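All you need for the numbering used here is the position in the sequence shown, starting with 1, plus 70. Yeah, the Cβ is synthetic: ideal placement off N, Cα and C, and Gly gets one too. Values in this document were obtained by computation on a predicted structure and should not be read as measured data.
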Amino acid sequence: MKNIRIMSLALSLGLLIGGAAIAAGGGDVKTDPNAMEGKHFDTKGKLPSKYTVEAQQHQRSILPFEDKRDFEEQKKGFIAAPKYKQIMAEAGNVAWDMGSYEWLLQGKDFDSIHPSLQRQAILNMNYGLYEVIPGIYQVRGYDLANISFIKGDTGWIVFDPLTAKETAAAALKFINEQLGERPVVAVVYSHSHADHFGGVRGVVDEADVRSGKVKVIAPVGFMDHAVAENIYAGNAMNRRMFFQYGVLLPRSPFGHVDQAIGKNTAAGNLGLIPPNVIIKDDIQEMTVDGVRMVFQNTPGTEAPAEMNTWFPDKKAFWAAENITGTIHNIYTLRGALVRDALEWSKQINKALYLFGKDAEVMFASHSWPRWGNDRVQEVMRAQRDTYANLNNGVLHLANQGVTINQIHNVYKVPESLQKQWAVRSYHGSVEHNSRAVINRYLGYWDGNPATLIPLSPEDSAPLYVEMMGGAKPIIAKGRELYESGKYRLAQEILNKLVYAEPKNTEAKDLLADVFEQIGYQQESPSVRNSFLAAAYELRNGIPTGASPKSSGPDMIRAMTTSLWLDFLSVRLDSAKAEGKQFKINLITPDNDEKFVVELSNATLTSIEGFQADDADLTITIDREDLLQTMMGAVSFDDQIKSGKAVLKGDRKPYDELKTLLVHFDLGFEMMPGTAAKHLSPEMRTFQQEEPGASWD
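Right under this line is the structure:
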């Protein structure tokens, strides 16, 4: 399977930055040649202002840098590192490049990076093979996640085989070189995000899974959520990934420095082999290859389907992605359903009382392990309390009238928690997580009717600009605020001007300068990347480039026909469909499925398990043949010509439907005046678009 679209796009772009073409994106990146010297990659870029420098110095004075335990734990158990820093993808690009971040290891303090984030970025420079305890090993620094190996009686049990086939295969090869060749006898998917299953084809053969020779173990609901979580808004999610993951930013003190739970995401072949063992019970014990494991299902926490694992004979607790070296996203900026901070806290608490009292080591799918029962319980309690306080503290304020548009400026994490590195908000941020809690319980409306049906920004901005006297005084005031370090005030007025005058280069450049300084000061890389990516696009526009085709069999094969039909409904152009109506029966005989697809009231609906007696048209096609159309390998028209799709009745609804469906393009503007581009590959009418990337 070729690269995920979002990363494939980034790999295909040569970013003209500072006069030099720098490939950016997950893995295939040439580090900015000026990064080691601390020079900015963008000719329009600015160095940290004196106000940003002062803010960073203040953070250095108040954060608990005297606590060095993470650095001691990060290097504990180190066995060996490979001689190489790059891992190549089968397509010929670089899938992974740990060397692109080596400028972080100079021992410098970078004023363009929040000191806490720089600390986390250095900790995430783990690279190589580590022993957690005898019989449990991790290869770290090969991808966004860790790949863990449990030594069984005859072979390896692999926990979370990374994002890409190539990085997972390299990790397996390396551990076998260091510790002796052993077959993989089982794979455990801890949860339904792609950086925890996408590399499975690098460690096992699907035929061995189908025969039962190799067990692939996953939590209940895994397949549904691995595929369905990001289908409906996939194109928007992938575009927003440009900002959250900073995929167009070079790796530089002024660009991408880290991704909180790891350095970045590998850009190789993402696959999916369906599990043949499903953990259905809340607590379920299983012995595999002599290794006793107790699984704890934790649905609705970091992922919709996720599970922790306790190794009672080893006194080792696997925390999946529920407890890592950061407070996570309750709302992820790429877009996803808001998570339940309270349930997350409760599941950590359950693990604490079930396993934490006996655990001598805790390891996870990101970050580094914690050793000793006191240390394990300390981290578990701190994360439990942080998620609980976020939920309860925000609702405490909401019940006193604090709104979604105020909460991020009012809610504060308790001081005792702020002083603990294990609960700093890197992947998440206090600001966007606090807003997410209100959104989960009360929705987006703040209770003021003026914000209930607001004008769109491009419609309201001209009035603001007119009332402020036009562009000239706004730019003058914006520059004054910028030079005074009042960046959030500056963005208020400059953002209005850019929406009102999207071709005003001076306004866009000044807003970019403001965004850049705000970005430098952020502890969360997701928030930092979002500001810096917006600054880049305001200055340079959206880079042009063609995204290579990235659809592959695994993710599309795993999609149900019902889900595919639902997304066709999203693709329907309602304006064109007005006044049209039809009913189509769809039958897939090889898997005995049937559907009714109906167009009425400019809306396309479908229902599984029924057939309409008055259908205008019946289409019969085997699911295996339909799959080829979903993947774009064969058009539906060609399926009809070859006789693999049989139409009975009036063909007009089929031909009409083809004219009513649109494919979404990845290159829409996130900031006004950045020039939308055609970035998506051409696709056949009924081809399924890429799901949204889900790595967090």
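| query | Do A672 and K653 have their CB atoms nearer than 8 Å? | reply | No, they are not a contact pair.
| request: Please state if the CB of H263 and the CB of A373 are separated by a distance shorter than 8 Å. | output: Closer than 8 Å, so yes.
| request: Less than 8 Å between the CB atoms is what I'm expecting for M432 and A389, so what's the real figure, rounded? | output: Rounded, the Cβ-Cβ distance is 6 Å, consistent with contact.
| So who's on the other strand from I523, going by DSSP bridges? | Bridge partners of I523: none, in fact.
| request: Please say whether A745 and F738 have beta carbons closer to each other than 8 Å? | output: The answer is no: Cβ separation not under 8 Å.
| request: Rounded to whole angstroms, what's the CA-CA distance from R721 to D708? Just pull it up for me. | output: Going from the Cα of R721 to the Cα of D708 covers about 15 Å.
| task | For G743, I'd like the list of residues in its chain whose CB is within less than 7 Å of its CB, leaving aside the five on either flank, ordered along the chain. | result | Closer than 7 Å at Cβ, skipping near neighbours: V568, P572, K573, K578.
| query | Taking DSSP as the reference, what is the three-state secondary structure of N334? | reply | In the three-state reduction of the DSSP assignment, N334 falls in the coil class, being assigned neither a helical nor a strand state.
| said: Is it buried or exposed, Q156, if we count other Cβ atoms within 10 angstroms and call 16 or more buried? | reply: Q156 is classed as exposed because its beta carbon has fewer than 16 other beta carbons within 10 Å across all chains shown.
| field | For A434, the first and last residue of its enclosing beta strand (DSSP E) | value | That residue, A434, is in no beta strand (DSSP E); it is neither H nor E in DSSP.
| Just to confirm, are V480 and L487 a CB contact at a threshold of 8 Å? | Taking 8 Å as the cut-off, the beta carbon of V480 is found no closer than this to the beta carbon of L487.
| field | Classification of K285 by the beta-carbon crowding that lies within 10 angstroms, buried from 16 upward | value | Buried, since its Cβ has 16 or more Cβ neighbours within 10 Å.
| When you compare each of R309, N308, K333 to P320 by their alpha carbons, which one comes out closest? | Answer by Cα proximity: K333.
| request: Can you grab the Cα-Cα spacing for the pair D112 / A161, in whole Å? | output: Rounded to whole angstroms, D112 and A161 show a C-alpha spacing of 29 Å.
| task | Could you tell me whether the stretch 465-476 touches the stretch 357-371, where touching means 3 or more Cβ pairs closer than 8 Å? | result | Judged by pairs of C-beta atoms under 8 Å, the stretch 465-476 does not touch the stretch 357-371, as fewer than three such pairs exist.
| message | So for Y207, helix, strand or coil by DSSP? | response | The answer is strand: DSSP assigns Y207 an E or B state.
| field | Endpoints, beta strand (DSSP E) assigned at K221 | value | Taken as a continuous stretch (DSSP letters only), the beta strand (DSSP E) holding K221 covers 217-221.
| field | C-alpha gap between D444 and I149, whole angstroms | value | Taking the straight line joining both Cα atoms gives about 25 Å.
| request: Would you kindly check if the distance between the Cβ of Q190 and the Cβ of A330 is under 8 Å? | output: The Cβ-Cβ distance between A330 and Q190 falls below 8 Å.
| task | Please report how far the alpha carbon of Q587 lies from the alpha carbon of E576, in whole angstroms. | result | If you draw a straight line from the Cα of Q587 to the Cα of E576, it comes to about 17 Å.
| said: Counting beta carbon pairs with one atom in the stretch 715-734 and one in the stretch 683-691, are three or more of them shorter than 8 Å? | reply: Yes: the two stretches touch, three or more of their Cβ pairs being nearer than 8 Å.
| Relative to the alpha-carbon of G555, which residue among A531, M538, F585 has its alpha-carbon at the smallest distance? | Closest option to G555, Cα to Cα, is F585.
| request: Tell me where the alpha helix (DSSP H) around N461 begins and ends. | output: Where N461 is concerned, the enclosing alpha helix (DSSP H) stretches over 443-468.
| message | Can you tell me whether R130 is buried or exposed? The criterion is at least 16 other CB atoms within 10 Å of its CB, across all chains shown. | response | With fewer than 16 other beta carbons inside 10 angstroms of its own, R130 counts as exposed.
| field | Helix, strand or coil at R754 according to DSSP, with G and I counted as helix | value | Coil, per DSSP.
| task | Thinking A421 and N461 are a contact (beta carbons under 8 Å), I'd like their distance in whole angstroms, please. | result | At roughly 18 Å, the Cβ-Cβ gap does not stay under 8 Å, so A421 and N461 are not in contact.
| task | Would you please state the rounded distance, in angstroms, between the beta carbons of M195 and G211? I believe it to be under 8 Å. | result | For M195 against G211, the beta-carbon gap comes to about 7 Å, under 8 Å, which counts as contact.
| Taking the C-alpha atoms as reference points, what is the distance between G341 and L522? | So the alpha carbons of these two residues sit roughly 43 Å apart.
| Are the beta-carbon atoms of V640 and R510 separated by less than 8 Å? | Not in contact: V640 and R510 (Cβ atoms no closer than 8 Å).
| Terminal residues of the continuous beta strand (DSSP E) containing A390? | For A390, no beta strand (DSSP E) encloses it, and the DSSP letter there is neither H nor E.
| request: Note the first and the last residue of the continuous alpha helix (DSSP H) segment covering S676. | output: Bounds of any alpha helix (DSSP H) do not take in S676; it lies within the beta strand (DSSP E) bounded by 673-678.
| Under a three-way DSSP split, which group does S78 fall into? | No answer about S78 holds up, because its pLDDT of 42 lies below 50 and its placement is not dependable.
| message | Is it the case that the stretch 269-285 contacts the stretch 692-702, given that we only count it when at least three CB pairs across the two stretches are under 8 Å? | response | No contact exists between the stretch 692-702 and the stretch 269-285.
| said: DSSP three-state label for Q354, please. | reply: Assignment of Q354 by DSSP, reduced to helix, strand and coil, places it in the strand class.
| request: State the DSSP-derived secondary structure class of M106, mapped to helix, strand or coil. | output: For M106, the three-state secondary structure derived from DSSP is coil.
| request: Return yes when the Cβ of L669 is within less than 8 Å of the Cβ of K646, no when it is not. | output: Going by C-beta atoms, K646 is not nearer than 8 Å to L669.
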